[in-house]
Amino acid sequence: MTETIESAAREDDRRQTQPQTQPHEAHPRRRPRIHRAWIVAAVTFVTIIGGAAFNSLPGLLIDPLHTEFGWSRGEIGLAVSIDMALYGLTAPFAAALMDRFGIRRVVAAALTLVAAGALASVWMTASWQLMIYWGLLVGLGTGSMALAFAATVTNRWFVARRGLVTGILTAAGASGQLVFLPLCAWIVDEHGWRPASVTVALAALVVVPFVWLLMRDHPADVGLAPYGGVYVEKPAPARGAARRTVSVLFKAARTGPFWLLAGTFAICGASTNGLIRTHFVPSAHDHGMPITAAASLLAVIGVFDVIGTIFSGWLTDRFDARRLLAVYYALRGISLLFLPMLMAPDVRPPMVFFIVFYGLDWVATVPPTLALCREQYGEDSAIVFGWVLASHQVGAAVVAFLGGVARDVFGSYDVVWYASGALCAVAALMSLVIRRARAASEAASG
77 MTETIESAAR EDDRRQTQPQ TQPHEAHPRR RPRIHRAWIV AAVTFVTIIG GAAFNSLPGL
137 LIDPLHTEFG WSRGEIGLAV SIDMALYGLT APFAAALMDR FGIRRVVAAA LTLVAAGALA
197 SVWMTASWQL MIYWGLLVGL GTGSMALAFA ATVTNRWFVA RRGLVTGILT AAGASGQLVF
257 LPLCAWIVDE HGWRPASVTV ALAALVVVPF VWLLMRDHPA DVGLAPYGGV YVEKPAPARG
317 AARRTVSVLF KAARTGPFWL LAGTFAICGA STNGLIRTHF VPSAHDHGMP ITAAASLLAV
377 IGVFDVIGTI FSGWLTDRFD ARRLLAVYYA LRGISLLFLP MLMAPDVRPP MVFFIVFYGL
437 DWVATVPPTL ALCREQYGED SAIVFGWVLA SHQVGAAVVA FLGGVARDVF GSYDVVWYAS
497 GALCAVAALM SLVIRRARAA SEAASG
């Protein structure tokens, strides 16, 4: 099977390079209708889905782990927060490592780490093991396949349709949630949490052959120009990946837009991964809703997340990214303020409306944020976006931990919903004061 896939990929590469290698042929073969960039994007999409499988688990396992081991929700939330923080902090270094060692090697190693962490958790007996397996191993693995991975692929393979492709690849995480949340919820409910962890590990391992056989690091590897651009030679491997990552951070940190983008994206992470993805299911369960029903609602968020993110990418190609961010954060904050009033033992129409609305807004912030990074920081934009994504995950990690602590202290999540809604209002204001690239560069040079 793998030999067939590899031979098909080689034949596709040969056909696409044929017009360039034989320009004087009397009847040159026609290029395939599908540019190789779209194949690479498709593999990237599937890879992010496989890596996102683990992100479906934490919210489902808080109650089972609390019941079986007696660990507090704060302890479990701490393990999730370590995972989220490492997810973000690994991303900028992963982008530089992809420049040094290639996309295929880095992503294949990352998927293997995710599988190892998920499998090892099956035998854990202490909370510190949860923090090692879920926090350290899975955090490093998923961080290496974070949105900086999507940014690297988009920047290398696309000149036209970058906003649209960014939206599609961003939506892959939501698609993974759509696929794995109901499945994992059913497995946890019927067979326990351990088979669910094994399922996640297998999902990550299945993707590895596709990455190795079909992914290409650069358009020049197959003799092509980026989609919508002109042919450029593949650059030499960038040495000193860690040094470059840190130097890009220090350079970007001298500009105001970086801190505004990092601050808004930290609030984005706090109000999505840290809050809803981690604590929505246990919060709904507190109000008498079955875990499978609450997980299905999160899966519905994934459906509309795909729609909202792709549409946001389309809008980003046409409108001011700063104003789009302000609208997204303002609407998100308003919806969170109403959420405590919508909690009930069963699924009612107002809750369905919230889920649809929140799904459309979930990661709609990514395409305009990446566009602003690209506008402000040019060739370093993928690494800068990696650092901005780190702030996203730090914000998520803080709320994942504090949300569990708040539930232990106050007996409910209401205070967390209200505080997150207020933070989103702050993010909307911060988005509006981001300066355009020319003004920012003049300030930095002065």
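So the sequence shown is numbered by the numbering used here: it starts at 77 and just counts up by one. Here a beta-carbon is modelled for each residue, glycine too, at the ideal position from N, C-alpha and C. Model, not experiment: these values are computed from the prediction.
Near the ligand MN: residue i beta-carbon under 7 Å from a heavy atom
i	result
S203	Annotation note on the ligand MN: not contained in the displayed structure, which lists no ligands.
Beta-carbon gap between residue i and residue j smaller than 8 Å
i	j	result
C449	S347	no
S273	L162	no
W199	A155	no
S507	A402	yes
G497	W390	no
A186	M160	no
L325	I115	no
A466	P168	yes
F121	L245	yes
V470	A342	yes
I386	A248	no
A194	V214	yes
V357	L212	no
S157	V485	no
L418	Y494	no
A172	T340	no
Span of the alpha helix (DSSP H), counted from its first residue to its last, around residue i
i	result
T143	P134 to F145
G384	I367 to T392
D159	R149 to F177
G215	V214 to G219
F356	T354 to D362
V235	Careful: V235 lies outside any alpha helix (DSSP H) and carries neither H nor E.
M506	D490 to L508
V283	W269 to L290
F395	Here F395 belongs to no alpha helix (DSSP H), and DSSP marks it neither H nor E.
L337	G332 to S347
From the options, residue whose alpha carbon lies closest to that of residue i
i	options	result
L446	F130, G135, V460 and P421	V460
A236	R181, F477, I352 and P302	P302
G127	G268, R330, T188 and I377	T188
G268	I138, L245 and R232	I138
I110	M427, S372, L300 and M207	L300
G304	A113, T120 and V502	A113
E151	L206, M174 and F130	L206
R511	G479, R399 and L259	R399
D175	F334, I158 and A318	A318
L505	V474, I431 and L407	L407
A118	R292, S457 and V474	R292
V308	F234, T321 and S388	F234
R353	T331, W288 and F477	F477
G153	A458, L351 and V464	L351
V379	S148, A172, L212 and G252	G252
V442	W147, L240 and F429	L240
Residue i versus residue j: straight-line alpha-carbon distance, rounded
i	j	result
R394	P444	11 Å
T97	R238	Confidence is the limiting factor: at T97 the pLDDT is only 41, short of 50, which leaves the residue's position unreliable, though a coordinate-based value still follows. Taking the straight line from one Cα to the other gives about 27 Å.
G145	H355	First, the amino acid is wrong: residue 145 is Phe here, not Gly. Their backbone Cα atoms lie some 19 Å apart in a straight line.
P425	I367	18 Å
F225	A440	17 Å
D89	G454	Caution applies to D89, whose pLDDT of 47 falls short of 50 and renders its modelled position unreliable; the model cannot decide the point.
V229	A371	31 Å
V298	F256	34 Å
S359	P421	11 Å
Y489	D437	21 Å
I383	I377	10 Å
G219	A280	14 Å
R270	V264	8 Å
A261	A312	46 Å
P104	V306	Low per-residue confidence applies at P104: pLDDT is 38, beneath 50, and the placement is therefore not dependable, though the value from the model is reported in the following sentence. Computed Cα separation, rounded: 20 Å.
L337	V432	26 Å
A191	V276	7 Å
P333	K327	12 Å
V284	G316	26 Å
F130	G435	19 Å
T78	R180	A caution first: T78 carries a pLDDT of 39, below 50, which makes its placement in the model unreliable, though a value can still be read off. The straight-line gap from Cα to Cα measures roughly 16 Å.
V423	L415	13 Å
A503	A170	27 Å
L216	V491	31 Å
V287	A196	23 Å
D381	P258	16 Å
Proximity test, Cβ basis, 8 Å: residue i and chain B
i	result
V255	Looking for chain B here will not work: only one protein chain is present.
For the segment 416-458, list the alpha helix (DSSP H) runs that are entirely contained and at least 4 residues long, ordered along the chain. 425-437 and 442-453
As an exercise, report each continuous alpha helix (DSSP H) stretch of at least 4 residues that is fully enclosed by the segment 178-215, in chain order. 179-196 and 203-206
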